[in-house]
Amino acid sequence: MTAIYIHIPFCEHICYYCDFNKVFLEGQPVDKYVDLLIKEMEMVTEKQVMKPVETIFVGGGTPTTLTEAQLTRLCSAVQRLFPIAKEAEFSFEANPGDLSVSKLQVMKDHGVNRLSMGVQSFNNELLKKIGRIHTVDDVYQSVNNAKQVGFENVSIDLIFSLPGQTEADFEDTLTKALNLDLPHYSAYSLIIEPKTIFYNLMQKGKLLLPGEDAEANMYEMLMSTMEKHGRRQYEISNFAKPGFESRHNIVYWSNEHYFGFGAGAHGYVGETRYANYGPLKKYMQPLEKNELPIFQQKELTLKEKMEEEMFLGLRKVVGVDKAQFQAKFGQPLDTTFARAIEKTTEKGWLESTQGSIRLTRRGRFLGNNVFQEFL
Ligand code: SF4
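Under the numbering used here, the first residue of the sequence shown is numbered 54, with each subsequent residue one higher.
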């Protein structure tokens, strides 16, 4: 299985909570970036025989800030350089408001078959408060445009536990999201990351968050509402109709290999995890000199690989399969992580079935606490 991630770091605005690798679009050398991104893909594909690509994910930043001409160049290069499997999943992240029919048509014409839209909330006031520039009407317009062009596999992202958000507000957002009848939904609780505008506000005591009980209630509401509407939870934050699970993200959670292209992109190929330079200039300079823009790479030890298998695999609702673990690493899961399993099971965060270990419902809310025990 070969998977590809492609990073487009440009955004038309900077959201207050965002710590992704992104830059403000205005004045950036976008054409040059697209050229060098294609060059990076050419350099990597020249070096090795590529197996059929099963999933491609173009993320950001905001990939839909690219113009139609830039999208055409990028997608044509992907089609030219990679042997894309017939049933491959080809996703684009998109912001509501950026999705014109003509851009969507370019994507569709180049094999894109899945959209992941950053909606975040169906409350215009909250959207403003978190620094988004789209409105709820933009969401409806974009979903309609996508349907008009023939996209069936559309997902939206939501964020809960936003500053000033009530449980009733999140319930309203969930209702409106589900009324769109999309096959896939992702919902994340807000995390305040360093170097964000929200982090600075929090340091000054000016960010009023709902609190842990309300956050837990919202998460419980999310899980039960999605279940009621036939969107099966398959990962801590992801819900889908059967057959619409994100195959690309499952690659990450199954600790499988993928190539990463673009500024700040990460990859995992063979035994090695690598990361490209994040800042635009640092990413582009080596490519101009025909060098790959790799900032760091690390060959993983067996111990690291097993730990990653756990903290990635436990994100999946099915958990980590014991037989697969044994086949992959040549040792039994139960004894390799006996202490961590015992401790987290005692706390009610983890459960063992005959064939796997997985998070309990409570454990899903406390995911990071559980994962730490396996490191
Ligand atoms: S959240 Fe998305 S749209 Fe907002 S700044 Fe970050 S990458 Fe850009």
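Where a beta carbon is used, it is the ideal one built from N, C-alpha and C, also for glycine. Bear in mind the structure is a predicted one, so any value in this text is a computation, not a measurement.
Contact the region 81-97 vs the region 121-139: 3+ CB pairs below 8 Å:
yes
Less than 8 Å between the CB atoms is what I'm expecting for residue 117 and residue 151, so what's the real figure, rounded?
What you label residue 117 is simply residue 64 of the sequence shown in a count that begins at 1. What you label residue 151 is simply residue 98 of the sequence shown in a count that begins at 1. Their Cβ separation, rounded to whole angstroms, is 4 Å, which keeps residue 117 and residue 151 in contact under 8 Å.
So residue 348 packs on residue 328, CB below 8 Å; how close in whole Å?
In the sequence shown, the residue the question calls residue 348 occupies position 295. In the sequence shown, the residue the question calls residue 328 occupies position 275. At roughly 5 Å, the Cβ-Cβ gap stays under 8 Å, so residue 348 and residue 328 are in contact.
Near the ligand SF4, which residues have their beta-carbon closer than 6 Å to a heavy atom?
64, 67, 68, 71, 73, 75, 113, 114, 115, 148 and 171
Once you ignore the five residues that flank residue 164 on each side, which residues in its own chain have a CB closer than 6 Å to its CB?
Counted from its first residue, the sequence shown places residue 164 at position 111. Cβ neighbours of residue 164 beyond the five flanking positions: 143.
Pairwise C-alpha distance: residue 78 and residue 276
Taking the sequence shown and counting its residues from 1, one reaches residue 276 at position 223. Taking the sequence shown and counting its residues from 1, one reaches residue 78 at position 25. Going by the C-alpha atoms only, they are around 36 Å apart.
Check residue 102 in the structure and name its three-state DSSP category.
Your numbering for residue 102 matches position 49 in the sequence shown. Coil, per DSSP.
Over the uninterrupted beta strand (DSSP E) stretch that includes residue 180, give me the two end residues.
In the sequence shown, the residue the question calls residue 180 occupies position 127. Careful: residue 180 lies outside any beta strand (DSSP E), inside the alpha helix (DSSP H) at 177-182.
Length at least 4, wholly inside the region 65-142: the alpha helix (DSSP H) runs in chain order
83-100 and 121-134
Within 6 Å: the Cβ of residue 275 and any heavy atom of the ligand MN?
In the structure on display, the ligand MN does not appear, and the ligands it does have are the ligand SF4.
Residue closest to residue 372, alpha-carbon to alpha-carbon, out of 343, 404 and 251
The residue given as residue 372 occupies position 319 in the sequence shown. Considering only alpha carbons, the answer is 404.
What is the residue span of the beta strand (DSSP E) that residue 326 lies within?
Translated into the one-based positions of the sequence shown, residue 326 becomes position 273. 325-329 is the span of the beta strand (DSSP E), which, as asked, contains residue 326.
Which of the three DSSP states, helix, strand or coil, is assigned to residue 54?
Locating residue 54 in the sequence shown gives position 1, counting from the first residue. Coil, per DSSP.
Go through its chain and collect everything with a Cβ distance to residue 417's Cβ below 7 Å, but skip five positions before and after it.
As a first step, residue 417 must be located in the sequence shown, where it is residue number 364. Excluding residues within five positions, the ones whose Cβ falls inside 7 Å are 289.
Please report how far the alpha carbon of residue 204 lies from the alpha carbon of residue 166, in whole angstroms.
Residue numbering aside, residue 204 sits at position 151 when the sequence shown is read from its first letter. Residue numbering aside, residue 166 sits at position 113 when the sequence shown is read from its first letter. C-alpha separation (whole angstroms): 6 Å.
Close Cβ partners of residue 363 (< 7 Å) along its chain, the five nearest in sequence each way excluded
The residue you call residue 363 lines up with position 310 of the sequence shown. If we look at residue 363 and ignore the five residues flanking it on each side, its Cβ neighbours are 373, 390 and 427.
In the DSSP assignment, what are the bridge partners of residue 59?
Along the sequence shown, one-based indexing puts residue 59 at 6. 111 and 314, per the DSSP bridge assignment.
Pick out whichever of 279, 195 and 70 has its Cα sitting closest to the Cα of residue 179.
Here residue 179 is taken as the residue at index 126 of the sequence shown, counted from 1. Closest option to residue 179, Cα to Cα, is 70.
Taking the beta carbon of residue 334 as the centre, do at least 16 other beta carbons fall within 10 Å, making it buried, or is it exposed?
The residue given as residue 334 occupies position 281 in the sequence shown. Exposed: under 16 other Cβ atoms inside 10 Å.
Using alpha carbons as the reference points, say which of 62, 208 and 123 lies closest to residue 160.
Sequence index remark: in the sequence shown, residue 160 carries index 107 (1-based). Measuring from the Cα of residue 160, the nearest candidate turns out to be 123.
Once the 5 residues before and after residue 242 are set aside, which same chain residues still bring their CB inside 6 Å of it?
Taking the sequence shown and counting its residues from 1, the one referred to as residue 242 is at position 189. The residues are 213, 214 and 268.
Among the residues of its own chain, which have a CB less than 8 Å from the CB of residue 274, if the five just before and after it don't count?
As a working mapping, residue 274 is identified with position 221 in the sequence shown. The answer, listed in chain order, is 220, 223, 224 and 227.
Going by C-alpha to C-alpha distance, which of 395, 331 and 197 sits closest to residue 61?
For the purposes of this step, residue 61 is taken as residue 8 along the sequence shown, with counting starting at 1. Nearest option by C-alpha distance: 331.
Starting from residue 410, trace the beta strand (DSSP E) both ways and give me its first and last residue.
Position 357 of the sequence shown, counted from the first residue, corresponds to residue 410. 409-412 is the extent of the beta strand (DSSP E) around residue 410.
On the criterion of 16 or more Cβ atoms from any shown chain inside 10 Å, does residue 369 qualify as buried, or is it exposed?
Taking the first residue of the sequence shown as position 1, residue 369 is located at position 316. Counting Cβ neighbours within 10 Å, residue 369 comes out buried, since at least 16 surround it.
Would you call residue 156 buried or exposed, if buried means 16 or more other Cβ atoms sit within 10 Å of its Cβ?
As a first step, residue 156 is located in the sequence shown; it is residue number 103 there, counting from the start. With 16 or more other Cβ atoms within 10 Å, it is buried.
Residue ranges of each beta strand (DSSP E) run of no fewer than 3 residues wholly in the region 235-322, ordered along the chain?
237-242, 285-288, 291-293, 312-314 and 319-322
Express the C-alpha separation of residue 316 and residue 346 in angstroms, rounding to a whole number.
Translated into the one-based positions of the sequence shown, residue 346 becomes position 293. Translated into the one-based positions of the sequence shown, residue 316 becomes position 263. Straight-line Cα distance between these residues: approximately 8 Å.
Could you tell me which residues DSSP puts in a beta bridge with residue 167?
Indexing the sequence shown from 1 puts residue 167 at position 114. Note: residue 167 sits in a beta bridge opposite 144 and 206.
How many angstroms separate the CA atom of residue 208 from the CA atom of residue 237?
Here residue 208 corresponds to residue number 155 of the sequence shown, with the count starting at 1. Here residue 237 corresponds to residue number 184 of the sequence shown, with the count starting at 1. C-alpha separation (whole angstroms): 5 Å.
Ends of the alpha helix (DSSP H) at residue 157?
Start at 1 with the first residue of the sequence shown, and residue 157 comes out as number 104. That run of the alpha helix (DSSP H) goes 154-162.
Segment limits, alpha helix (DSSP H) that includes residue 233
Within the sequence shown, numbered from 1, the residue matching residue 233 stands at position 180. Per DSSP, residue 233 belongs to no alpha helix (DSSP H) and is neither H nor E.
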